[in-house]
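First the structure, in the form of structure tokens, and then the observations on it.
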């Protein structure tokens, strides 16, 4: 892969020292290509946010290297990082984080101004971008007057105004309903693909897996392989899809931990369907979990 | 104006209540400082008012007496005549002075009684009603004191058992402690049994004779007297009396400044910390600290400037109100005091800004990602 945007090589981040030392991210390597959409998932406390901070040049790794088109970010002086963030990276936050005193237009234009763009040009550029994102009628509104979806579109415009190579999104759908969340993710995907920007998303939201090119599972500060998990309708045990035995009844596949459970099910499938409903167990649940 | 430059005032006006509170905090602090300072200056002015407004640059008193107000000095009539003979003396005003307690409408009222000769001088320098006390049992009352006790021209008052007719009311002779009451010197001599005596002699030098030279001549020529410069006597009076008031007043000015600083500092610091997440966002997206420092500093400057201006304006109004209700209080608001109060207002805001900038400096952009 030659057109990579971001390369992470064996980075770790530790907080504290001695007995109180905590390893938030441990020996992670990752390459994100231009235009690629990477979704990082994992339980709370798994190190997702720390990893995003490291990728966003907001934290320096304790060890390892992060490079952007060959430029080693981890070796840069602290005072050089704001410029990198301003020009190379765009941020989309969970709760939008718009400046409450500024209008929609100015929330976006100020970031261009920070990059040295003349105020008039910055406003023109921001207006054009916001219009593309369907916010032409909202340019002079204060953020408090916008819906959640509109706020997130403003945040996306703000992330895009300086034409960054990489967009980092932290739980971008967390404060949105499912319909708007999906719209926002499709919008981000379109931008990434059409404009060739890499998109790294940290999220708990299972629904957005569909828009990602790659889904990574982070747990205890490390990436783990993804497997599909299913649930045995007889004993309720969670199983790896590939290791389970299966049977089909009325066109629906069911997975079991053993031949015993399978035979028990097939002897009276209706009973297990009823029983399953009573236990609120999904039939042939297909969920992806990390391989432990 | 760029968005970066306008961020300060937009932040300010967005939170109107906080903005009004911030400006109001400085306004009140500046007003308090100016009022207390003006009250102190007024007090000083009132203490020196008689000597400043009466001709004479040298005050002759009994030896060992360095004060005009609050000291009992006795000079003989011979001494007055001798002073008049001394080379370089242009004018001599002998006066009798005495603290008295008046019984006005069943209220005890301290007053400073001056006995003077209307043909020579030493009496009230501004008459607002009636005329000077010329002879017999006539008095000129301070107008403020007279108003407080509904005393009018032609009223009769009992002073130390004698009936006196109010023939005039004087202006500029009030004090919140003791106002001046003037009567003919001869009447006062009779009242106190001091026939021919004088308390102080106010001496004016001839043209070409310096105050210092005149004092030297008086001190070497006369035995048992002490000639002092008018300013020195006023300073001694201030030292004697004002020390009782100036220390607590200065303390109050200091407390006003401290409270004002704390209010403003707290308001600006809170305003900054409440926007900490927003400043964090700006830092995260690539803003340098300078922009944030400037934003916070300009906010403080705007608040301080408006607060100081409003404070100065309000001081004049409140001073006018106070002196209308309580005319015995003199509140002197001088340009130097205004300058000082404005500087104090700016200092308050600077301190507030300092702590806010300190908070912004410590702000990590990574914090913006914390839930």
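Residue numbers (the working numbering), protein chains in the order written: chain A, 5 to 296; chain W, 126 to 496.
Just so you know, even glycine gets a beta-carbon here, dropped at the ideal spot from N, CA and C.
Quick one: Cα of residue 364 of chain W to Cα of residue 241 of chain W, how far?
Each residue's Cα considered, the two are about 26 Å apart.
Span of the alpha helix (DSSP H) holding residue 336 of chain W?
Here the alpha helix (DSSP H) through residue 336 of chain W covers 336 to 346.
Does any residue of chain W have a CB that is nearer than 8 Å to the CB of residue 95 of chain A?
Under the Cβ distance rule, residue 95 of chain A counts among the residues neighbouring chain W, one pair being separated by less than 8 Å.
I'd like to know whether the C-beta of residue 174 of chain A is nearer than 8 Å to at least one C-beta of chain W.
For residue 174 of chain A, the answer is yes, since a Cβ of chain W falls inside 8 Å of its Cβ.
Local Cβ density within 10 Å of residue 215 of chain A, reported as buried at 16 or more and exposed below that
Label assigned to residue 215 of chain A: buried.
Give the residues of chain W in contact with residue 53 of chain A, contact being defined as C-beta atoms less than 7 Å apart.
Those within 7 Å of residue 53 of chain A in chain W are 494.
Buried versus exposed, by CB contacts within 10 Å (16 or more), residue 57 of chain A
Around the beta-carbon of residue 57 of chain A, 16 or more other beta-carbon atoms lie within 10 Å, marking it buried.
Please identify, using Cβ separations under 7 Å, the residues of the segment 98 to 115 of chain A that lie next to chain B, in order along the chain.
The question asks about chain B, but that chain is absent: this structure's protein chains are A and W.
Looking at the unbroken beta strand (DSSP E) that takes in residue 354 of chain W, where does it start and where does it end?
Unbroken beta strand (DSSP E) run through residue 354 of chain W: 350 to 354.
Which residue wins for smallest C-alpha separation from residue 268 of chain W, given the options W:156, W:278, W:443, W:383?
Nearest option by C-alpha distance: W:278.
Measuring CB atoms only, is the segment 256 to 265 of chain W touching the segment 296 to 307 of chain W, in the sense that at least three cross pairs come out at less than 8 Å?
With a cut-off of 8 Å, the segment 296 to 307 of chain W and the segment 256 to 265 of chain W count as touching, because enough Cβ pairs lie within range.
Within its chain, find whatever has a CB closer than 7 Å to the CB of residue 348 of chain W; leave out the 5 residues flanking it on each side and keep chain order.
If we look at residue 348 of chain W and ignore the five residues flanking it on each side, it has no Cβ neighbours.
Could you work out which residue in W:133, W:144, W:136, W:165 is closest to residue 375 of chain W when comparing CA atoms only?
Of all alpha-carbon atoms in W:133, W:144, W:136, W:165, the one lying nearest the alpha-carbon of residue 375 of chain W is that of W:165.
Taking only runs of the beta strand (DSSP E) that begin and end inside the segment 236 to 283 of chain A, which ones reach a length of at least 3 residues, in chain order?
Uninterrupted beta strand (DSSP E) stretches at least 3 residues long and entirely within the segment 236 to 283 of chain A occur at 242 to 244, 249 to 253, 256 to 260, given in chain order.
Entirely enclosed alpha helix (DSSP H) segments - the segment 112 to 142 of chain A, minimum 4 residues:
DSSP runs (the alpha helix (DSSP H)) wholly in the segment 112 to 142 of chain A: 123 to 136.
Would residue 117 of chain A pass as an interface residue toward chain W - the criterion being a Cβ-Cβ separation below 8 Å?
Taking Cβ atoms only, chain W reaches closer than 8 Å to residue 117 of chain A, which makes this a yes.
For chain A, find out if any of its Cβ atoms is closer than 8 Å to the Cβ of residue 425 of chain W; answer yes or no.
At a cut-off of 8 Å between beta carbons, residue 425 of chain W makes no contact with chain A.
Can you find a C-beta in chain W that's less than 8 Å from the C-beta of residue 86 of chain A?
Residue contact check for residue 86 of chain A against chain W: a CB pair falls below 8 Å.
Show which residues of chain W have a CB atom less than 7 Å away from the CB atom of residue 62 of chain A.
Listed along chain W are 409, 490, 491, each with a C-beta nearer than 7 Å to that of residue 62 of chain A.
Taking contact to mean 3 or more Cβ pairs, one atom from each stretch, closer than 8 Å, check whether the segment 236 to 255 of chain W and the segment 278 to 295 of chain W are in contact.
Touching, yes.
Check the C-beta distance from residue 129 of chain A over to residue 165 of chain A and give it rounded, since I have them as a contact under 8 Å.
Right, the Cβ-Cβ distance comes to about 6 Å (below 8 Å), so this counts as a contact.
Using 10 angstroms around the beta-carbon of residue 321 of chain W, count the other beta-carbons present and answer buried if the total reaches 16, otherwise exposed.
By the 10 Å Cβ count, residue 321 of chain W comes out exposed.
How big is the Cα-Cα spacing for residue 203 of chain A and residue 103 of chain A?
Cα to Cα, the separation comes out at about 23 Å.
Contact with chain W by residue 72 of chain A, beta-carbon distance below 8 Å
No, no contact with chain W.
What three-state label does DSSP hand residue 460 of chain W in the structure shown?
Three-state DSSP puts residue 460 of chain W in a helix.
For residue 136 of chain W, count neighbouring C-beta atoms within 10 Å of its own C-beta (all shown protein chains included) and say buried if the count is 16 or more, exposed if not.
Residue 136 of chain W should be labelled buried.
Quick one: is residue 415 of chain W near chain A, going by C-beta distance under 8 Å?
So no, residue 415 of chain W is outside the interface.
With a floor of 4 residues, list each alpha helix (DSSP H) that falls wholly inside the segment 141 to 172 of chain A, ordered by position along the chain.
Runs found: 152 to 164.
Taking all protein chains shown into account, decide if residue 224 of chain W is buried (16 or more other Cβ within 10 angstroms of its Cβ) or exposed.
Residue 224 of chain W is exposed by the Cβ-count criterion.
I want to verify the contact list: residues of chain A whose CB lies under 7 Å from the CB of residue 139 of chain W, in sequence order.
Simply 104, 105.
Hey, would you say residue 488 of chain W sits closer than 8 Å to residue 404 of chain W, going by beta carbons?
Going by C-beta atoms, residue 488 of chain W is nearer than 8 Å to residue 404 of chain W.
Who are the Cβ neighbours of residue 420 of chain W in its own chain at under 6 Å, not counting the five residues just before and after it?
Excluding residues within five positions, the ones whose Cβ falls inside 6 Å are 132, 133.
Chain W contact residues for residue 150 of chain A, given Cβ-Cβ distances below 8 Å:
Under the 8 Å cutoff, chain W gives no residues; its nearest Cβ is about 16 Å from residue 150 of chain A.
Assuming the contact rule is C-beta atoms closer than 8 Å, residue 326 of chain W and residue 238 of chain W should be a hit. Round their C-beta distance to whole Å, please.
Contact flag wrong, Cβ pair sits at about 17 Å.
Would you decide whether residue 22 of chain A is buried or exposed? Buried here means 16 or more other CB atoms lie within 10 Å of its CB.
By the C-beta density criterion, residue 22 of chain A is exposed, having fewer than 16 other C-beta atoms within 10 angstroms.
If we define contact as Cβ-Cβ less than 8 Å, is residue 90 of chain A a contact residue for chain W?
Yes, residue 90 of chain A lies at the interface with chain W (some Cβ there is under 8 Å from its Cβ).
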